[in-house]
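One structure is given here, and the rest of the page talks about it.
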Ligand SMILES: Cc1cc2nc3c(=O)[nH]c(=O)nc-3n(C[C@H](O)[C@H](O)[C@H](O)COP(=O)(O)OP(=O)(O)OC[C@H]3O[C@@H](n4cnc5c(N)ncnc54)[C@H](O)[C@@H]3O)c2cc1C
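Numbering (the UniProt record's numbering), first residue to last: 1 to 466.
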């Protein structure tokens, strides 16, 4: 298999497939709105969608630095699934029942995204094959069983556990000794979803200005080089790019994730792999992988490359390191040895937002009208939709149009978290943590022991995850 002719960057393969959109007109000068949304990814666009549907006369403006879908929403692995970062911590803080409600809302969210895509005729190659997570070592199997039990305890009664033979009947992953499957997941084409959503929102009458970076957010003000938008509500929906806004350097850490995609695989090769259910596929490694079988029969696979760039810097239009491409290719061939001769067509990376306590949040500060949602870590394709419906309810509640709802009382609403450490501590901490996770994965690969390697447990504690 060769990576010599692999396209690197170009934002993502999903855009190579679709074409990069021409940006809409930038903000022409000072303006006013009822709600100003900063960032045109899933969070910002879903929020605009639900607000406009609820209150059609609302004057909503979205300000996007590049073009809608430039960020993680146009680069992700296309796992629409029910995971939410921080659920276990929310259980500790607010009780098990509150976390079960959060989980059930996430289960419903997967169906909600599919429902709206269908209703609005957004063709995003959605296929609801569920999520299959496999274990390839004794330590991974022990974690898989714990994970499976925990998910059931949080109300996922439709989740199933499989041995090696049943796993191979779904997908033949080399060395897989077991798996867990949930129906609460679907495969999708990320860029088709975000582009479709932007078009739908615009058709509803939301104003979208692209090529318009917001440099500073203040109560009732979003400031750009071209003018200021004044609005009673200003919502920050910038996830992994948040550090680029004045005063937000240490709010959410921009964590990299990188992906590769193969050429379309011939039917003869698929015969050796199976994967006819087109489940989204992951594993139980500490530096875990996520993969999908695309609508045109490629394998798209991702994992952490260089996890974090010094000073909260972000990538250059999705370029990733050659060493990361090689590492992901090696992983692909380890999982599916028959892909060894297949060309890697494209590689890219993107950033996701990581809060200091690794818990996703959605907030509206009623005293200032400032709101935000994010810190989804690696689980934002569905969570952004729940966040958006929650922001809608919080604004409606604040403006006296409704009272508290099922969503405004979920435990992740208005959660406060401390900021990240200044550099160089931030860089040292994240690189140390991922070096430890990789070391633990390597040792678990050759160890007959069923327990998680102690190095990973130390890394978890250092990271503030447990
Ligand atoms: C490689 C990769 C793979 C992933 N895979 C999955 C997956 O399979 N499943 C899953 O659930 N999650 C996945 N995620 C995470 C998921 O994609 C994100 O959580 C989700 O897309 C976040 O959406 P968002 O709108 O909050 O942020 P983004 O999509 O990043 O959007 C933020 C937008 O804000 C704009 N912006 C930034 N700064 C400014 C500014 N100053 N002014 C104006 N606009 C600004 C950006 O240009 C961008 O368009 C992945 C992430 C990455 C990077």
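We put the CB at the ideal spot given by N, CA and C, even for glycine.
Quick caveat: nothing in here was measured; it's all calculated off a predicted structure.
Using 10 angstroms around the beta-carbon of residue i, count the other beta-carbons present and answer buried if the total reaches 16, otherwise exposed.
{"i": "residue 444", "result": "buried"}
{"i": "residue 175", "result": "exposed"}
{"i": "residue 96", "result": "exposed"}
{"i": "residue 107", "result": "buried"}
{"i": "residue 283", "result": "buried"}
{"i": "residue 423", "result": "exposed"}
{"i": "residue 256", "result": "buried"}
{"i": "residue 418", "result": "exposed"}
{"i": "residue 330", "result": "exposed"}
{"i": "residue 323", "result": "exposed"}
{"i": "residue 336", "result": "buried"}
{"i": "residue 310", "result": "exposed"}
{"i": "residue 22", "result": "exposed"}
{"i": "residue 52", "result": "buried"}
{"i": "residue 196", "result": "buried"}
{"i": "residue 258", "result": "buried"}
Relative to the C-alpha of residue i, which candidate in the options has its C-alpha closest?
{"i": "residue 130", "options": "186, 298, 216", "result": "186"}
{"i": "residue 354", "options": "344, 252, 271, 215", "result": "252"}
{"i": "residue 328", "options": "212, 343, 302, 314", "result": "302"}
{"i": "residue 467", "options": "76, 209, 20, 98", "result": "This structure leaves residue 467 out entirely; the chain is present only between 1 and 466."}
{"i": "residue 193", "options": "171, 239, 120", "result": "120"}
{"i": "residue 352", "options": "43, 10, 269, 93", "result": "43"}
{"i": "residue 266", "options": "311, 343, 231", "result": "343"}
{"i": "residue 391", "options": "366, 381, 86", "result": "366"}
{"i": "residue 396", "options": "20, 316, 50, 31", "result": "50"}
{"i": "residue 264", "options": "123, 275, 112, 295", "result": "295"}
{"i": "residue 11", "options": "317, 382, 333, 413", "result": "317"}
Tell me whether residue i, by its Cβ, gets closer than 7 Å to a heavy atom of ligand 1.
{"i": "residue 44", "result": "yes"}
{"i": "residue 50", "result": "no"}
{"i": "residue 235", "result": "no"}
{"i": "residue 81", "result": "yes"}
{"i": "residue 75", "result": "yes"}
{"i": "residue 196", "result": "no"}
{"i": "residue 39", "result": "yes"}
{"i": "residue 213", "result": "yes"}
So for residue i, helix, strand or coil by DSSP?
{"i": "residue 457", "result": "helix"}
{"i": "residue 420", "result": "coil"}
{"i": "residue 284", "result": "coil"}
{"i": "residue 158", "result": "coil"}
{"i": "residue 296", "result": "coil"}
{"i": "residue 209", "result": "strand"}
{"i": "residue 120", "result": "coil"}
{"i": "residue 347", "result": "strand"}
{"i": "residue 404", "result": "coil"}
{"i": "residue 435", "result": "helix"}
{"i": "residue 240", "result": "helix"}
{"i": "residue 184", "result": "coil"}
{"i": "residue 415", "result": "coil"}
How far does the alpha helix (DSSP H) with residue i in it reach, from first residue to last?
{"i": "residue 75", "result": "Residue 75 -> no alpha helix (DSSP H), and no H or E assigned at all."}
{"i": "residue 168", "result": "164-170"}
{"i": "residue 14", "result": "13-18"}
{"i": "residue 384", "result": "383-398"}
{"i": "residue 230", "result": "Careful: residue 230 lies outside any alpha helix (DSSP H), inside the beta strand (DSSP E) at 227-230."}
{"i": "residue 152", "result": "138-153"}
{"i": "residue 324", "result": "322-335"}
{"i": "residue 542", "result": "Since the first residue shown for the chain is 1 and the last is 466, residue 542 is missing from the structure and cannot be characterised."}
From which residue to which residue does the beta strand (DSSP E) around residue i run?
{"i": "residue 265", "result": "Per DSSP, residue 265 belongs to no beta strand (DSSP E) and is neither H nor E."}
{"i": "residue 218", "result": "216-218"}
{"i": "residue 133", "result": "131-135"}
{"i": "residue 221", "result": "221-224"}
{"i": "residue 364", "result": "361-365"}
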